[in-house]
Every structure is written in structure tokens, then in C-alpha cells.
Amino acid sequence: MNETLQAAVQSLQERFQARLSEFRGEISLLVPPEHNVEAAQALRDEFQFEMLLDETAVDYWPQTEPRFHVVAHMYSFIHNTVIELRFPVDGNAPELRSLVTVYPNANWKEREIWDLFGIRFNGHPDLRRIVMPYEWEGHPLRKDYPLGYEEVQFSFNKEQVDRHKRYGKR
Amino acid sequence: MDYRSTTIDELRHLVSERAISGETVLLNMGPQHPSTHGVLRLLLELDGEIVVTCIPDIGFLHTGVEKNMESKTYQQAEVMTDRLDYLNPLGNNLTYCLAVEKLTELDVPPRAQALRVILAELQRISSHLLWLGTSGLDLAAMSVFLYAMREREMILDIFEMVAGQRMMTTYIRPGGLWRDVPAEFEDTVRHVLDILPRRIDEYESLLTTNPLFLERTRGIGVLNTQQCMELGLTGPVLRATGKAYDLRKARPYSGYEQYDFNIPTQHDGDVYARYLVRVAEMRESIKIVEQALDKLPTGPVRSSNRKYVPPPRSEIGVSMEALIHHFKLWTEGFRPPVGHVYAATESPRGELGVYLESDGSPKPYRVHMNTPSFANLQAMPVLTKGHFVADVVGIIGSIDIVLGDADR
Chain R
332 MNETLQAAVQ SLQERFQARL SEFRGEISLL VPPEHNVEAA QALRDEFQFE
382 MLLDETAVDY WPQTEPRFHV VAHMYSFIHN TVIELRFPVD GNAPELRSLV
432 TVYPNANWKE REIWDLFGIR FNGHPDLRRI VMPYEWEGHP LRKDYPLGYE
482 EVQFSFNKEQ VDRHKRYGKR
Chain E
84 MDYRSTTIDE LRHLVSERAI SGETVLLNMG PQHPSTHGVL RLLLELDGEI
134 VVTCIPDIGF LHTGVEKNME SKTYQQAEVM TDRLDYLNPL GNNLTYCLAV
184 EKLTELDVPP RAQALRVILA ELQRISSHLL WLGTSGLDLA AMSVFLYAMR
234 EREMILDIFE MVAGQRMMTT YIRPGGLWRD VPAEFEDTVR HVLDILPRRI
284 DEYESLLTTN PLFLERTRGI GVLNTQQCME LGLTGPVLRA TGKAYDLRKA
334 RPYSGYEQYD FNIPTQHDGD VYARYLVRVA EMRESIKIVE QALDKLPTGP
384 VRSSNRKYVP PPRSEIGVSM EALIHHFKLW TEGFRPPVGH VYAATESPRG
434 ELGVYLESDG SPKPYRVHMN TPSFANLQAM PVLTKGHFVA DVVGIIGSID
484 IVLGDADR
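In order, the protein sequences belong to chains R and E.
If you count the first sequence from 1, position 76 lands on 407 in our numbering, and the numbers rise without skipping.
If you count the second sequence from 1, position 134 lands on 217 in our numbering, and the numbers rise without skipping.
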């Protein structure tokens with residue numbers, strides 16, 4: 332970890348109670364979701380992470396607290412470093428504040444997350460589906476969304492399957 | 084967006100007030116339009132012939148690749164990566180393999196590294212040739228298309244020779260390559276390298292100083308570096324604004340640090356600057372391939388870590404252990420450690436990233452492709468604002484999108 336990154340990590344840990352993890356030389360910070368915009372803002376304005384490379388999500392169903400992690404990768408041209416921020420999001424109707432005000436290109440990436448994971452981004456200017464058809468029901472990249480087939484119901488698991496059968500809507 | 088249910092009310096927040104009152108016209112361009120390079124729909128708000136707003140609508144080629152990959156083993160999932168950016172299959176393979184190798188800490192033998200670089204650069208040339216041909220065609224330069232396709236064919240023949248497939252190669256595998264290249268590989272590549280520089284001169288003589296081409300490209304679709312950063316644009320679009328950012332130099336992978344090459348840049352940030360950058364990039368790629376061929380090491384092309392890489396065919400008949408490894412790897416797959424990685428390469432279109440998360444099972448828990456075409460398309464509203472409809476065609480060509488890459 333170089334000095335800038337060290338400073339950035341330390342500052343985010345102190346201000347936002349971020350939790351650091353390192354894997355294969357990649358820095359990852361778990362930031363409480365209520366601070367996501369402030370953390371991104373601090374990275375961009377104070378530590379020159381000018382570009383949002385990527386924003387995506389991971390579903391940890393059936394775990395519900397947190398059920399999702401929204402994962403963002405930021406890049407700094409000056410320091411030539413990538414940093415990863417993860418925002419845990421709870422529940423089946425998850426919500427998070429949008430990063431569009433900090434990184435304008437989060438617009439489409441968050442539309443994609445809404446489309447495929449059903450995470451709602453508050454303050455997003457144009458939260459419509461992007462890759463799935465307009466009238467699609469459900470969010471395909473959720474883990475309880477079946478892959479192209481109907482899950483067979485038996486008497487022993489009828490209710491269990493039924494509970495998540497409506498294409499990951501709940 | 085569904086055609087049936089798209090009403091002006093739903094788009095109210097995207098179009099200007101004048102569209103509501105009927106003063107400006109909304110025009111659909113695509114999804115079936117030759118100049119959109121695939122199935123892209125653009126909803127244009129027009130004031131006469133001037134574009135007021137451009138609303139790109141993607142997803143027509145969405146195939147659920149990321150969802151599909153979650154249900155396949157790591158080896159099987161690689162096949163899906165070919166289908167993303169179908170003009171850069173080897174580059175996609177490479178990015179995915181780099182992610183898997185980072186996750187599993189697999190070593191890659193030097194010969195495989197050098198061959199990966201050669202193939203990735205040939206792929207870049209072939210992708211740029213197709214871009215040159217089609218975007219020339221959009222701007223009414225018919226003959227460039229025919230010449231560019233002729234040269235691209237020679238490169239595709241090389242891919243067929245090494246991988247058995249012209250496009251869907253799946254040749255680069257975690258831990259190395261599928262197999263070694265045939266004996267005639269080096270001569271064939273050198274033959275192509277001899278021909279290409281002259282041919283690139285020919286294309287340039289057709290376009291670079293052609294007044295009609297200049298008229299259609301200069302001052303069109305201008306972006307500056309700041310806008311590129313805000314929109315997350317990388318690759319030739321960013322380099323055309325004067326920022327010398329190239330992943331092959333910034334965060335080298337596969338041994339790119341050993342080769343001597345330049346990052347071509349331009350300062351105008353318009354369609355013409357992007358054209359100049361890409362043509363110069365083809366020449367740099369030729370330089371890289373030549374250097375890599377000159378010092379191509381001998382040796383194995385696959386890692387000897389049998390827990391992740393299947394043993395060679397010759398061992399299976401004589402070694403019980405090799406047979407067990409082979410069987411386990413192709414029936415069950417390998418189990419990487421728990422964790423998540425992000426690996427990126429410089430694709431012909433910009434930064435191609437793979438986010439890979441493993442839960443310790445033989446199937447990836449989550450694979451996300453951060454694709455350059457997706458980022459490039461997001462810039463369309465900024466790029467087209469205030470230009471003629473005819474220029475929209477040139478602008479789409481200049482950002483070099485592949486819809487399979489954008490929609491996944």
C-alpha cells in the first residue's frame with residue numbers, strides 16, 4: 332500500500348468507520364451505506380480518485396443482513412491506484428443513495444444495478460430499466476431468481492419454493 | 084423502453100420542454116439501422132436537423148452472460164466471455180483468465196505470456212481494422228471497408244490456425260494457453276506484419292487528408308479530458324483528448340513492461356483525433372508483436388499446477404495421478420480460495436475489467452464485466468448535442484461500440 336492510499340484508507344476508517352480488507356494486493360473498504368456519498372466525495376476531492384471505473388452489486392441471498400453489497404471501484408490517475416468501496420445493503424427492498432452527484436457515469440451503472448438486482452438508488456435522475464425489457468418483472472441477477480427454468484415444487488418444499496418463486500420480487 | 088408504452092410523459096425528464104409542446108421532433112434511429120453497428124436504438128430529439136437530446140436505448144443484445152456464468156464452472160464460464168465483445172474475443176479471454184489467475188495465484192509460463200501479448204495485439208489490429216472499415220463506410224468511404232476487411236481476414240486466419248476458430252477462440256485459458264501454436268505460426272505472423280504497414284499507409288492515403296473525410300470528422304463530437312473522466316471513458320476516446328493513459332503502461336499485465344512502444348495521443352478530442360489515435364495504435368501494435376516474436380521464449384505454455392490446469396494428453400495415458408487430475412478438473416472443476424478480485428486489460432475500446440467473486444465453490448459466485456462499450460455509449464448525449472443527424476452516424480462510429488459488449 333503506498334502513502335496516498337494509506338492516507339485515504341486511514342481517513343475513511345476514522346470518519347466513516349470503514350472496515351479495511353486486503354486480498355491479492357487489492358484494497359477493499361466496507362463503508363456503512365449511510366455514508367456512501369460522503370465517502371466517494373472524500374475519495375474524489377481529497378485523494379484524487381477522479382474516475383469511477385465500475386459499480387456493481389453482489390447478492391448474498393439467503394442472508395438478509397446484509398443481503399447485498401454494492402461494489403464500486405475508483406481509479407486515481409495521479410497515484411495510479413484502484414480502490415474498492417463496498418456498501419452493504421439490507422433486505423428485500425434495498426435502498427441506497429445514488430453516487431451520480433459525485434461520479435456522473437454512475438448513472439447507467441446504477442440503472443443496471445436497479446434493473447438486475449432491484450436496489451433502488453435515491454436521488455438518481457433517471458432510474459429506469461436498462462438492459463431488460465421495460466415491462467419485465469423481477470431482477471434476474473438475484474440469487475433467488477431461477478436461471479431459465481421453473482423450480483420444481485415437491486410436497487416437502489412446496490412453501491419454501493413458493494416463497495421465492497415470484498422471480499425475486501420479494 | 085417498450086415501443087408500445089413509451090409515452091412522452093415517461094420521457095418528460097429526459098427531453099426538453101419544446102418536445103412536450105411539439106416544437107421539436109422525436110425521431111427513432113435504430114434498433115435496425117446499419118450505422119448503429121449492431122442493435123442500438125437512439126431516440127433523438129431534433130430541432131430541424133440539429134440534435135437537441137439523444138437518448139440511447141440499449142439491451143437488445145442482452146443475453147444474461149453474467150447470470151449464466153454463475154451456473155458454470157470456471158473453465159466453462161470462459162466460453163461465455165468470447166460472446167461479449169465479439170471483435171475482441173482473445174482480449175476477453177485474457178481479462179477473464181487474469182482475474183482467475185489473480186484469484187488462484189496461478190503462474191503463467193513466459194512463452195504463454197509472450198504468445199498472449201502477440202495474440203492480444205493482433206486482435207487489437209483486427210478490431211481496429213473492422214472499426215476503420217465500418218466507420219469509413221458510415222462516412223461514405225466505401226473502398227476502405229473492402230481493403231480493411233481483406234487484411235482483417237489474414238489476421239482471422241492466424242486465429243483459426245492457433246485456436247481452430249476465427250472468432251470464438253477460448254484459446255487463452257487460466258494458467259496459460261489451450262495448446263502451443265503450430266510451427267508455421269511465426270512465419271505467418273511475420274508475413275502479415277510485413278504487409279500491414281504498407282496497407283495502413285494505403286488506408287491513410289485514402290482518408291487522412293481526404294477533404295470530404297476531414298469535413299465530416301473535424302470538430303465533430305468533441306470531448307475534453309475532464310468530460311472523459313466524468314463519463315468514465317478510457318481507451319482511444321480518452322487518448323484523443325491528450326491524456327496518455329493506457330493500461331498496458333499504467334498497470335502492465337502479461338509482461339507488457341518488456342516491450343518498447345508509445346501511447347499515441349491527439350489533442351482535439353474530436354472524431355478525427357480518435358481516427359488518428361487508432362491508426363497510430365495499429366502501428367504500435369505491429370511494433371509490439373515484432374518485439375514479442377523476436378524474443379519468443381521456448382518452453383511450456385501451461386502452468387504445471389495440476390490443481391488448476393489440466394495435464395497434457397500425453398501424461399494421461401501413463402500417469403494415474405494425471406488421470407485423476409484430468410477427471411476432477413473436467414467433472415467438478417477447481418475450487419479457488421474465497422475472495423474477490425478485479426482485473427483489467429486495455430481492450431481496443433478502452434478498459435475492460437472483470438470483477439470476480441469466489442465463495443470457494445467450483446463455480447464463480449459473481450462475475451461482472453466492466454465493459455468499455457457501455458461506458459462509451461453513455462457519452463452519446465454529450466457527444467451528439469448540437470450536431471446534425473448525419474454526424475450522429477460518424478460519432479457512433481468514432482466511439483467504436485460493440486453492442487454485445489455493452490448489453491452482455
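From the three backbone atoms N, C-alpha and C, an ideal C-beta is built for every residue, glycine too.
Remember, it's a predicted structure, so these values are computed and weren't measured experimentally.
Exposed or buried, what is residue 424/R when buried is set at 16 or more other beta-carbons lying within 10 Å of its beta-carbon?
Residue 424/R is exposed by the Cβ-count criterion.
Residue 364/E: which of 334/E, 382/E, 394/E, 329/E sits nearest, CA to CA?
Taking only the C-alpha atoms, the option nearest residue 364/E is 329/E.
When the distance is taken between beta carbons, is residue 414/R closer than 7 angstroms to residue 358/R?
In this structure, residue 414/R lies closer than 7 angstroms to residue 358/R by Cβ.
Is residue 385/E helix, strand or coil by DSSP?
Residue state, collapsed to three classes: strand.
If we cut at 7 angstroms on Cβ distances, does residue 185/E have a partner in chain R?
At a cut-off of 7 angstroms, the C-beta of residue 185/E has a neighbouring C-beta in chain R.
Note down, in chain order, all residues in the segment 123-142 of chain E with a beta-carbon under 7 angstroms from any beta-carbon belonging to chain R.
Of all residues in the segment 123-142 of chain E, 141, 142 have a Cβ within less than 7 angstroms of some Cβ in chain R.
With distances taken between CB atoms, is the gap from residue 478/R to residue 154/E smaller than 7 angstroms?
Contact flag set, yes.
For residue 455/R, which three-state DSSP category applies?
It is coil, neither helix nor strand.
Note down, in chain order, all residues in the segment 422-451 of chain E with a beta-carbon under 8 angstroms from any beta-carbon belonging to chain R.
Answer in chain order: 422, 423, 424, 425, 427, 434, 436, 438, 440, 448, 449, 451.
Taking the alpha-carbon positions, what's the residue 198/E to residue 186/E distance?
Each residue's Cα considered, the two are about 22 angstroms apart.
Rounded to whole angstroms, how far is the Cβ of residue 189/E from the Cβ of residue 258/E, which I believe are closer than 8 angstroms?
Separation of the CB atoms of residue 189/E and residue 258/E is rounded to 5 angstroms, and the pair is thereby assigned contact status at 8 angstroms.
Beta-carbon proximity of residue 367/R to residue 418/R, cut-off 7 angstroms
Yes; because the gap between Cβ atoms is below 7 angstroms, this pair is in contact.
Would you check if the segment 470-481 of chain E and the segment 431-441 of chain R touch, i.e. whether three or more CB-CB distances between them fall below 8 angstroms?
No: fewer than three Cβ pairs fall under 8 angstroms.
Taking the beta strand (DSSP E) that residue 419/R belongs to, which residues open and close that run?
First-last of the beta strand (DSSP E) with residue 419/R: 412-420.
Just grab the DSSP bridge partners of residue 437/E for me.
Beta-bridge annotation (DSSP): residue 437/E is paired with 426/E, 452/E.
Chain R contact for residue 315/E (CB, 7 angstroms cutoff)
For residue 315/E, a Cβ of chain R is located within less than 7 angstroms of the residue's own Cβ.
Name the one or two DSSP bridge partners that residue 388/R has.
Answer by DSSP bridge pairing, in chain order: 401/R.
In terms of residues, what are the limits of the beta strand (DSSP E) holding residue 124/E?
Residue 124/E: member of the beta strand (DSSP E) spanning 124-130, first to last residue.
Rounded to the nearest angstrom, what separates residue 436/E and residue 206/E at their Cα positions?
Roughly 17 angstroms separates the two Cα atoms.
Any beta carbon from chain E within less than 7 angstroms of residue 453/R's own beta carbon?
No - not a single Cβ of chain E is within 7 angstroms of the one on residue 453/R.
So residue 475/R contacts chain E; which residues on that side make the cut at Cβ distance below 8 angstroms?
Within 8 angstroms Cβ-Cβ: nothing; residue 475/R doesn't reach chain E, min ~12 angstroms.
Using 10 angstroms around the beta-carbon of residue 327/E, count the other beta-carbons present and answer buried if the total reaches 16, otherwise exposed.
With fewer than 16 other Cβ atoms within 10 Å, it is exposed.
Check the DSSP bridge columns for residue 426/R and list the partner residues they point to.
According to DSSP, residue 426/R bridges with 451/R.
What is the residue span of the beta strand (DSSP E) that residue 136/E lies within?
Per DSSP, the continuous beta strand (DSSP E) segment holding residue 136/E begins and ends at 133-140.
State the DSSP-derived secondary structure class of residue 412/E, mapped to helix, strand or coil.
Three-state result, residue 412/E: helix.
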